[in-house]
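Line by line, the protein sequences are chains E and Z. Numbering (the numbering used here) for the first sequence: 1 to 352. Numbering (the numbering used here) for the second sequence: 353 to 688. Notes to accompany the following structure.
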Amino acid sequence: MAKVRHGKLPGRYEMNNFIKRYPLWSVIFLLLAIAFLYLVLAPWPPELVASWGRKQIFLNALLGGITLGALYFLVAAGFTLIFGLMRIVNLAHGSLFLIGGYLGYEVATASGSWLLAFPIVFIVVGLIGLLMQFFIFSKMEGEELRQTLVSIGLSIVLADLMLWWWGGQSYSILAPQFLQGPMELPLVSNVNDSTGAVTWLRYPSVRVWILVAAIVIGIAMWLVLNRTALGMMIRAGVDDREMLAASGVRIHLVFLAVFGFGAGLAGMAGIIGATFQSLSPGEDTRFLLASLVVVIVGGMGSIVGAALGALIIGVAEQMGFVYAPTYSIVLTFLIMAAVLAFRPQGLLGTGR
Amino acid sequence: MWTERIPAPWWVFGLILLLLPIVASDFWLFQIMGWTFILGMIGLSLMFLAGYGGMVSLLQMSIAGMAGYMVAILGPSGAANVSLGLSWWIVLPAAFLIAALFATISGALAVRTDGIYTIMITLAIAAAFFYFTRQNYSVFNGYSGFNLVLPPQVFGVNWRDPLPFYYLTLACAALCYGAVVYLARAPFGLALQGVRDNPRRMAALGFNVTAHRVAAYALASVFASTGGILLVWQNAQIAPGTIGISSAIDVLVVAVVGGMRRPLGPFIGAFIYVLLQVFSTDILGFFGFSADRFKLIIGIGFLAIVLFSPDGVLGLWDRWRAGVAARKAATTGGGP
Chain E
1 MAKVRHGKLP GRYEMNNFIK RYPLWSVIFL LLAIAFLYLV LAPWPPELVA
51 SWGRKQIFLN ALLGGITLGA LYFLVAAGFT LIFGLMRIVN LAHGSLFLIG
101 GYLGYEVATA SGSWLLAFPI VFIVVGLIGL LMQFFIFSKM EGEELRQTLV
151 SIGLSIVLAD LMLWWWGGQS YSILAPQFLQ GPMELPLVSN VNDSTGAVTW
201 LRYPSVRVWI LVAAIVIGIA MWLVLNRTAL GMMIRAGVDD REMLAASGVR
251 IHLVFLAVFG FGAGLAGMAG IIGATFQSLS PGEDTRFLLA SLVVVIVGGM
301 GSIVGAALGA LIIGVAEQMG FVYAPTYSIV LTFLIMAAVL AFRPQGLLGT
351 GR
Chain Z
353 MWTERIPAPW WVFGLILLLL PIVASDFWLF QIMGWTFILG MIGLSLMFLA
403 GYGGMVSLLQ MSIAGMAGYM VAILGPSGAA NVSLGLSWWI VLPAAFLIAA
453 LFATISGALA VRTDGIYTIM ITLAIAAAFF YFTRQNYSVF NGYSGFNLVL
503 PPQVFGVNWR DPLPFYYLTL ACAALCYGAV VYLARAPFGL ALQGVRDNPR
553 RMAALGFNVT AHRVAAYALA SVFASTGGIL LVWQNAQIAP GTIGISSAID
603 VLVVAVVGGM RRPLGPFIGA FIYVLLQVFS TDILGFFGFS ADRFKLIIGI
653 GFLAIVLFSP DGVLGLWDRW RAGVAARKAA TTGGGP
């Protein structure tokens, strides 16, 4: 198939180009950005409060959306990498998330250390992913549908095994002492009219730190992908697997590494999910679907796309939940449908 | 005569199905056979899309559910504040039409990308519909759904009695089966198979690839809707749980286990699935497990089929027949 690939252009040039080609859209985007910044930073006048509710609600929904997006990103990043490189639609990815959460709960309660759970879960769930790739998926390379069907079978079996072992009740992991309680963010929540005293927004610190951690992981992944030899191989594999194999790279080791890493990341996301909310049977499907929608919106096989998609879906879900509870799912779905209709390869996906 | 082209085993098979009520109990007729035909029809709509169109859609249960919901919403039901209570000759065509519209719109979205993306996009749409029915109370009556959805008393027959219901589902299943067999050989079906095998070449020949795929979604919706409406009548209720993610995946399991190459496959898969489901307590008890582990059996069985016989039980049968024929040829050919 003939593919037209645009070379990497310097960012500033691309931006100027965009402004020149779409002056109207640029103005609209700029106005939207200014309005958004005003909503976030300025204290709200009474008329706005009357129509939209208190600013604190808006900020909480926004931050909740961003932190939920961080969680979605951690799950979807592995999913999109595995898909981009190996063309496997791993529908057992949600199960890996749930296994990670349950194992994290066991480790955290047994050792009493929340932080210790992360490396252990990363290694154990990563190993499960390695085994899946080594014993099952690598045996049927190139048969995309069969791999997907196998992953569905695995997800059914794993879901029932987990239900057997951990039962139907919900678990949640308590955040450690130093992360409990709220912290003040430099965002104005409310200004008292008579005294002029400023109330700053208070937000659960564990969520803030998880957001920071997700950003750090995202940047680290971007650096590994774009600045190291391994990342070069992965990117080359995403573009043309056969050519990479032909040039002497032991591609199966790269596959194993990516599958293990993606699975481990999903497992760690499980711990975070258990700390944010709670774990119960059915969460695996919920997070699988979230990652599906995130990568459909963001673009398959693109890490930056996964981040963008996760942010959009997370914020849309929380905003919808606060301002239009009946239609919050529809909002998420409409975003997906709009992306599919106008840009089927996803916002940052490359056409293939 | 076209009847002469149907081989003898099919006549025997048909006769057995027609005369089954003489020996079978009400439970077998209503629960096992009725459910098998219904699940088979929904699986058949997936088989039509996947086998002839190359589009593995996880949406078929949602389309069936949409038709079922429309019967409950437009017709009479226990939720009198939501249901409109129209008479059946308006309700049934409307249900088919709305489900077909839903299938066409979702299909048009799903065919924007092809290959393995289809499965992801249709799964996402199915999930969105499931969550929407669960949250929306004004039309879909939310979490509780609709109960007391009964079939109309046409010709003075209570179609929910085991015997009439058996013949009703049998007739619908036979019609759907016949329609798929006919479509597979009609110009549209042949063009669809051409699109499955080589879309670029078909496009070069002047066929509208996208239109054929969307039309396949619309046609498949008829089979799914038939199954969905009968399913609502059989259970006398519909709720979001009926169209959940696991039900959507069950339809795929049924079609894959039976075999997605031929229209008979989904019915065989449905029969196996229903038998396992109904007798799971006994089967699992025999191996010393509790009845809760039904999904584990289904999952392991599905994995085994996908790993060892990707074209399902029918594929196993074909290979066995080929093996027998080869052995026969070897013995006769090896003789003097």
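Here a beta-carbon is modelled for each residue, glycine too, at the ideal position from N, C-alpha and C. Remember, predicted model here, so these are calculated numbers, not experimental data.
Got a sec, what are the start and stop residues for the alpha helix (DSSP H) residue i sits in?
i                 : result
Pro539 of chain Z : Pro539 to Asp549
Ser328 of chain E : Ser328 to Phe342
Arg146 of chain E : Glu144 to Trp166
Gly64 of chain E  : Lys55 to Met86
Arg512 of chain Z : From DSSP, Arg512 of chain Z is part of no alpha helix (DSSP H); its letter is neither H nor E.
Gly417 of chain Z : Gln412 to Leu426
Arg241 of chain E : Arg241 to Ala246
Glu317 of chain E : Ile303 to Tyr323
Asp602 of chain Z : Ile597 to Gly610
Pro359 of chain Z : Premise fails: Pro359 of chain Z is in no alpha helix (DSSP H) and is neither H nor E.
Leu655 of chain Z : Phe646 to Phe660
Trp44 of chain E  : Unbroken run through Trp44 of chain E: none, as it is neither H nor E.
Pro119 of chain E : Trp114 to Phe135
Using the C-alpha atoms, what's the distance from residue j back to residue i?
i                 : j                 : result
Gly653 of chain Z : Gly617 of chain Z : 16 Å
Lys3 of chain E   : Phe83 of chain E  : Caution applies to Lys3 of chain E, whose pLDDT of 43 falls short of 50 and renders its modelled position unreliable; the model cannot decide the point.
Ala600 of chain Z : Ile590 of chain Z : 15 Å
Ser113 of chain E : Gly126 of chain E : 20 Å
Leu453 of chain Z : Ala337 of chain E : 16 Å
Leu636 of chain Z : Arg645 of chain Z : 7 Å
Val509 of chain Z : Ala419 of chain Z : 23 Å
Gly403 of chain Z : Val547 of chain Z : 12 Å
Gly611 of chain Z : Trp25 of chain E  : 51 Å
Asn560 of chain Z : Asp549 of chain Z : 14 Å
Leu48 of chain E  : Gly64 of chain E  : 21 Å
Ile349 of chain Z : Ile296 of chain E : Absent from the structure is residue 349 of chain Z, since the part of chain Z shown begins at 353 and ends at 688.
Thr683 of chain Z : Arg673 of chain Z : 15 Å
Tyr105 of chain E : Ala213 of chain E : 19 Å
Ile581 of chain Z : Asp284 of chain E : 30 Å
Gly264 of chain E : Phe448 of chain Z : 46 Å
Ile156 of chain E : Glu242 of chain E : 32 Å
Thr470 of chain Z : Gly69 of chain E  : 24 Å
Gly218 of chain E : Ala269 of chain E : 13 Å
Nearest to residue i by alpha carbon, out of the options?
i                 : options                                   : result
Leu436 of chain Z : Z:Leu444, Z:Ala447 and Z:Ala424           : Z:Ala424
Trp222 of chain E : E:Leu253, E:Asn90, E:Val208 and E:Ala306  : E:Ala306
Tyr495 of chain Z : Z:Ala570, Z:Arg486, Z:Leu648 and Z:Ala525 : Z:Arg486
Val238 of chain E : E:Gly248, E:Thr228 and E:Val254           : E:Val254
Gly579 of chain Z : Z:Gly530, Z:Trp441 and Z:Ile415           : Z:Ile415
Leu401 of chain Z : Z:Leu604, Z:Trp672 and Z:Ile635           : Z:Leu604
Ile120 of chain E : E:Glu242, E:Tyr102, E:Met86 and E:Val212  : E:Tyr102
Ala274 of chain E : E:Leu32, E:Leu98 and E:Tyr22              : E:Leu98
Pro615 of chain Z : Z:Tyr534, Z:Ala677, Z:Ala678 and Z:Leu426 : Z:Tyr534
Ile649 of chain Z : E:Ala266, E:Leu161 and E:Glu143           : E:Leu161
Gly427 of chain Z : Z:Val584, Z:Gly593 and Z:Val626           : Z:Val584
Leu179 of chain E : E:Ser51, E:Trp209, E:Gly248 and E:Val198  : E:Trp209
Leu348 of chain E : E:Ala42, E:Ile312, E:Gly264 and E:Met86   : E:Ile312
Thr521 of chain Z : Z:Trp363, Z:Leu391 and Z:Ile368           : Z:Leu391
Leu288 of chain E : E:Tyr38, E:Ala77, E:Gln318 and E:Pro186   : E:Ala77
Val606 of chain Z : Z:His564, Z:Leu666, Z:Leu369 and Z:Ala431 : Z:Leu666
Where do the N-terminal and C-terminal ends of the beta strand (DSSP E) with residue i fall, by residue?
i                 : result
Trp585 of chain Z : From DSSP, Trp585 of chain Z is part of no beta strand (DSSP E) but of the alpha helix (DSSP H) over Val561 to Asn587.
Quick one: residues in its chain with C-beta nearer than 6 Å to the C-beta of residue i, no 5 flanking neighbours on either side, listed in chain order?
i                 : result
Leu154 of chain E : Ala92
Gly7 of chain E   : Low confidence applies here, because Gly7 of chain E scores a pLDDT of 44, under 50, leaving its location unreliable and the question unanswered by this model.
Gly686 of chain Z : Only weak support is given to the placement of Gly686 of chain Z: the predicted model assigns it a pLDDT of 49, under 50, and the question is left unresolved by the model.
Arg54 of chain E  : none
Gly309 of chain E : Val294, Val297 and Gly298
Met1 of chain E   : Annotation note: pLDDT 39 at Met1 of chain E (below 50); position unreliable, coordinate value reported separately. Around Met1 of chain E: no qualifying Cβ.
Ala462 of chain Z : Thr470, Ile473 and Thr474
Residue i bridges to which residues according to DSSP?
i                 : result
Glu184 of chain E : E:Arg202
Tyr171 of chain E : E:Leu279
Ile590 of chain Z : Z:Phe498
Who are the Cβ neighbours of residue i in its own chain at under 8 Å, not counting the five residues just before and after it?
i                 : result
Leu163 of chain E : Pro281
Gln478 of chain Z : The question names Gln, yet the displayed sequence has Ala at residue 478 of chain Z. Same-chain partners within the cutoff: Leu410, Leu411, Met413, Ser414, Ile595, Ile597 and Ala600.
Ile152 of chain E : Leu91 and Ala92
Any heavy atom of the ligand PLP closer than 6 Å to the CB of residue i?
i                 : result
Leu627 of chain Z : With respect to small molecules bound, the structure shown includes none, and the ligand PLP cannot be examined in it.
Given residue i, which residues of its chain have a CB within under 7 Å of its CB, disregarding the five upstream and five downstream residues?
i                 : result
Leu515 of chain Z : Pro373 and Leu381
Ala175 of chain E : Trp114, Val206 and Thr275
Cys528 of chain Z : Met393, Leu396, Phe575 and Thr578
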